[in-house]
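Novice:
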Amino acid sequence: MGNSITFCRTRLCDGTGEGSLLVPSTQGNLDEMKRLVGAFIADSHDRSGLSLAAFVNSFDAGGNAAVHGATFSGHLDALSFLVECCECCAGGGGGGGRRASSSSKATADLLTLRNGLGCSPLWLAAGYDRIPCLEYLTRKLRDCDRLESSLLYDANDAGDTPFLAAASRGNVEACRCILRSVEGCPARGRLPLCQDDVNDNENDVEDSNRSRRLRKMKARIVRTANRAGDTPLQVAVASGHTDLVSFLLEVDDMLCRVDTEEGHDVADDDDDDGIHTKKCIDRKNASGLSPLIVACERNLPSIASLLIEHGADRQVQDTRGRSTLAVAAFCGCVDVAEYLITISLSSSSSSSSLLNATDHDGCTPLWLAVRTGNLAMTKLLVDAGADTTIGDRDSLTPLDVAVKFKKEKVVEYLKSCTSSSTTGSTMLT
Numbered sequence: 006m007g008n009s010i011t012f013c014r015t016r017l018c019d020g021t022g023e024g025s026l027l028v029p030s031t032q033g034n035l036d037e038m039k040r041l042v043g044a045f046i047a048d049s050h051d052r053s054g055l056s057l058a059a060f061v062n063s064f065d066a067g068g069n070a071a072v073h074g075a076t077f078s079g080h081l082d083a084l085s086f087l088v089e090c091c092e093c094c095a096g097g098g099g100g101g102g103r104r105a106s107s108s109s110k111a112t113a114d115l116l117t118l119r120n121g122l123g124c125s126p127l128w129l130a131a132g133y134d135r136i137p138c139l140e141y142l143t144r145k146l147r148d149c150d151r152l153e154s155s156l157l158y159d160a161n162d163a164g165d166t167p168f169l170a171a172a173s174r175g176n177v178e179a180c181r182c183i184l185r186s187v188e189g190c191p192a193r194g195r196l197p198l199c200q201d202d203v204n205d206n207e208n209d210v211e212d213s214n215r216s217r218r219l220r221k222m223k224a225r226i227v228r229t230a231n232r233a234g235d236t237p238l239q240v241a242v243a244s245g246h247t248d249l250v251s252f253l254l255e256v257d258d259m260l261c262r263v264d265t266e267e268g269h270d271v272a273d274d275d276d277d278d279g280i281h282t283k284k285c286i287d288r289k290n291a292s293g294l295s296p297l298i299v300a301c302e303r304n305l306p307s308i309a310s311l312l313i314e315h316g317a318d319r320q321v322q323d324t325r326g327r328s329t330l331a332v333a334a335f336c337g338c339v340d341v342a343e344y345l346i347t348i349s350l351s352s353s354s355s356s357s358s359l360l361n362a363t364d365h366d367g368c369t370p371l372w373l374a375v376r377t378g379n380l381a382m383t384k385l386l387v388d389a390g391a392d393t394t395i396g397d398r399d400s401l402t403p404l405d406v407a408v409k410f411k412k413e414k415v416v417e418y419l420k421s422c423t424s425s426s427t428t429g430s431t432m433l434t
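My numbering puts the last residue of the sequence shown at 434; the count rises by one with no breaks.
#1: From the DSSP output, read off the bridge partner residues of Ala-113.
#2: Please return the same chain residues whose Cβ sits closer than 7 Å to the Cβ of Lys-145, not counting the five positions on each side in sequence.
#3: Can you tell me which of the three DSSP states Phe-168 falls into?
#4: Could you compute how far the alpha carbon of Glu-417 sits from the alpha carbon of Leu-345?
#5: Note down, in chain order, each residue of its chain lying with its Cβ closer than 6 Å to the Cβ of Asp-165, except the 5 sequence neighbours on either side.
#6: How many Å lie between Thr-247 and Ala-241 at the Cα?
#7: For Arg-135 versus Gly-79, is the C-beta distance shorter than 8 Å?
#8: I need the DSSP call for Phe-335, collapsed to helix, strand or coil.
#9: Pull up the DSSP beta-bridge partners for Leu-64, would you.
#10: Span of the alpha helix (DSSP H) holding Tyr-133?
#11: How long is the line joining the alpha carbons of Val-387 and Ala-170, rounded to whole angstroms?
#12: Could you tell me the distance, in whole angstroms, from the CA atom of Leu-35 to the CA atom of Glu-178?
#13: So what's Asp-274 in DSSP terms, helix, strand or just coil?
#14: Who are the near neighbours of Gly-100 in its chain, counting only those whose CB is closer than 8 Å to its CB and skipping five residues on each side?
#15: Where does Gly-43 sit, in a helix, a strand or coil, going by DSSP?
#16: Cα separation between Val-61 and Ile-46?
#17: Thinking C-alpha only, which one of Thr-324, Val-187 and Asp-323 is nearest Arg-215?
#18: Within 10 angstroms of its Cβ, does Ser-352 collect 16 or more other Cβ (buried), or is it exposed?
#19: Below 7 Å CB to CB, which residues in the same chain sit around Ala-163 once its five sequence neighbours on both sides are set aside?
#20: Using a Cβ-Cβ cut-off of 8 Å (strictly less than) and excluding sequence neighbours within five positions of Gly-293, which residues of its own chain qualify?
#21: Any chance you could list the alpha helix (DSSP H) runs of at least 4 consecutive residues sitting entirely within the segment 288-373, in chain order?
#22: For Leu-122, which three-state DSSP category applies?
#23: Between the Cα of Lys-289 and those of Gln-239, Trp-372, Ile-308 and Cys-149, spot the shortest distance and give me the residue it belongs to.
#24: Going by the CB atoms, is the gap between Pro-370 and Leu-380 shorter than 8 Å?
#25: Can you tell me where the alpha helix (DSSP H) holding Asp-405 begins and where it ends?
#26: Just mark Ser-25 as buried or exposed, buried being the case when its beta carbon has 16 or more other beta carbons within 10 Å.
#27: Have a look at Lys-412, Thr-383, Asp-397 and Arg-398 and flag the residue whose alpha-carbon is nearest the alpha-carbon of Cys-422.
#28: Suppose the cutoff is 8 Å on Cβ atoms and the five residues either side in sequence are ignored; what does the same chain contact list for Arg-147 look like?
In structure tokens form, the structure reads like this:
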């Protein structure tokens, strides 16, 4: 593959010109990086540091700078060297607090650079599971007072935050790392704990306010969706990452439990629109799919079980009015259909409502299975007690539709069933 990398729709530059630091940073060639920076400084007459900063931050045609290459490849030494260069760039003017402020801004500018796909270094570290780089970046961004904004708002062009990027690839440790990093964030409006006259009650209030603010920040991170309406839980489910799904459900439960026990909710805050207070377990994306429906259409019974154990709505429907079993039947997901039927049979209520529920077109799960010609699914549903006589809104029964669409094996099976012999199929008379 040469120097091709996948975090942007372009090939890396050839190591010459303004993007010359990109290739060695991606390769982790620290000696070459130092040589190039040293040569640039030797040839430069700029004492303000601005030229060096521009050199370090330069990017190729795809918007990839050296900091993206180092982070994407997981080269912490290369990444830290680039940050040190920026800090040195800012040391050219002023002194004391002004120099520290300038250094902080230069570092923040470097660490929030986005490439052609809108990916920041933090996004790349989270998405590609570069834990040492991720820990370093969160610490540096926190020092610059930019961690919160980076975690919440530095999304790529698809609207995926760093946490969503980690979740989509099943990077459990990256998700844990991001949530751990929140603990070090300062709380706005903190009381001056160093004052002698601050009593214990005020300290308790301070601790409570800080704890609440950090919980709110975690809730926003965990529950923020991308432009398609997918939350981290949604993408973790869709990718089949069982361990991560379990972790996200536990975090979501914990956030709700603590707020309930303390008698308040993050929705009470004026700057929250309420979206981030909603548990992710039943939230639907822009396509009208909840996490449980996604698990059912992907044939993921273990994840479906996890969701239901954590309280997912078993009666949820998609935009066509299809139940979880109907979705599984249409998609040919036998394993998850078996699971749904099993838990329905074991519940106190009758399973017939699940087996024979119709969608907006009047189609039962059996009808949908027959329409796709899935004999195994058809047998599973009939054996479970599905009614073979229920027709759609055009009065076509499962046998009718099997004949209409020439699903010969299904036709033969339905004819052999005792129930099918009494259907009075209009198409066979």
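Think of the CB as a built atom: it goes at the ideal place given N, C-alpha and C, for glycine as much as any other residue.
Specialist: In this structure, then:
#1: For this step, residue 113 is matched to residue 108 along the sequence shown. The partner list for Ala-113 (beta bridge, DSSP) is empty, contrary to what the question assumes.
#2: Sequence index remark: in the sequence shown, residue 145 carries index 140 (1-based). Taking Lys-145 as the centre and dropping the five residues before and after it, the same chain places the C-beta of Val-88, Thr-112 and Leu-116 closer than 7 Å to its C-beta, in chain order.
#3: Residue numbering aside, residue 168 sits at position 163 when the sequence shown is read from its first letter. Here Phe-168 sits in helix by DSSP.
#4: The count along the sequence shown starts at 1 and reaches residue 417 at position 412. The count along the sequence shown starts at 1 and reaches residue 345 at position 340. Straight-line Cα distance between these residues: approximately 26 Å.
#5: Looking up residue 165 in the sequence shown gives position 160. Asn-231.
#6: Taking the sequence shown and counting its residues from 1, one reaches residue 247 at position 242. Taking the sequence shown and counting its residues from 1, one reaches residue 241 at position 236. About 8 Å.
#7: Along the sequence shown, read from residue 1 onward, the residue named residue 135 stands at position 130. Along the sequence shown, read from residue 1 onward, the residue named residue 79 stands at position 74. Contact: yes.
#8: Residue mapping note: residue 335 aligns to position 330 of the sequence shown, counting from 1. Note: Phe-335 maps to helix in three-state DSSP.
#9: For this step, residue 64 is matched to residue 59 along the sequence shown. The sequence shown places Phe at residue 64, not Leu. Ala-70, per the DSSP bridge assignment.
#10: Mapped onto the sequence shown, residue 133 falls at position 128. It is not in any alpha helix (DSSP H) - Tyr-133 carries neither H nor E in the DSSP assignment.
#11: As a position in the sequence shown, residue 387 is number 382, starting the count at 1. As a position in the sequence shown, residue 170 is number 165, starting the count at 1. It is roughly 42 Å from the alpha-carbon of Val-387 to the alpha-carbon of Ala-170.
#12: The residue given as residue 35 occupies position 30 in the sequence shown. The residue given as residue 178 occupies position 173 in the sequence shown. Distance from the CA of Leu-35 to the CA of Glu-178, rounded to the nearest whole angstrom, comes to 27 Å.
#13: The count along the sequence shown starts at 1 and reaches residue 274 at position 269. Unreliable placement is indicated for Asp-274, whose pLDDT of 47 sits below 50; the coordinate value is still reported in the next sentence. Coil.
#14: One-based indexing of the sequence shown puts residue 100 at position 95. Since pLDDT at Gly-100 reaches only 44, below the 50 mark, its modelled position is unreliable, and no value is offered.
#15: In the sequence shown, the residue the question calls residue 43 occupies position 38. The answer is helix: DSSP assigns Gly-43 an H, G or I state.
#16: As a position in the sequence shown, residue 61 is number 56, starting the count at 1. As a position in the sequence shown, residue 46 is number 41, starting the count at 1. Each residue's alpha carbon lies about 11 Å from the other.
#17: Reading the sequence shown from its first residue, position 210 is the one you call residue 215. Ranking Thr-324, Val-187 and Asp-323 by Cα distance to Arg-215 puts Val-187 first.
#18: The residue given as residue 352 occupies position 347 in the sequence shown. Ser-352 comes out exposed.
#19: Counted from its first residue, the sequence shown places residue 163 at position 158. For Ala-163, where only same-chain residues beyond five positions count, the Cβ hits under 7 Å are Asn-231 and Arg-232.
#20: As a working mapping, residue 293 is identified with position 288 in the sequence shown. Closer than 8 Å at Cβ, skipping near neighbours: Asp-323 and Thr-324.
#21: 296-302, 306-314, 329-336, 339-351 and 357-361
#22: Position 117 of the sequence shown, counted from the first residue, corresponds to residue 122. Three-state result, Leu-122: coil.
#23: In the sequence shown, counting from the first residue as 1, residue 289 sits at position 284. Nearest C-alpha to Lys-289: Gln-239.
#24: Position 375 of the sequence shown, counted from the first residue, corresponds to residue 380. Position 365 of the sequence shown, counted from the first residue, corresponds to residue 370. In this structure, Pro-370 does not lie closer than 8 Å to Leu-380 by Cβ.
#25: If you number the sequence shown from 1, residue 405 lands on position 400. Element bounds for Asp-405: 403-409.
#26: Reading the sequence shown from its first residue, position 20 is the one you call residue 25. The residue is buried, with at least 16 neighbouring Cβ atoms inside 10 Å.
#27: To locate residue 422, count along the sequence shown from 1; it is residue 417. The shortest C-alpha separation from Cys-422 is found at Thr-383.
#28: Taking the sequence shown and counting its residues from 1, the one referred to as residue 147 is at position 142. So the qualifying residues of the chain are Ser-186, Gly-189 and Cys-190.
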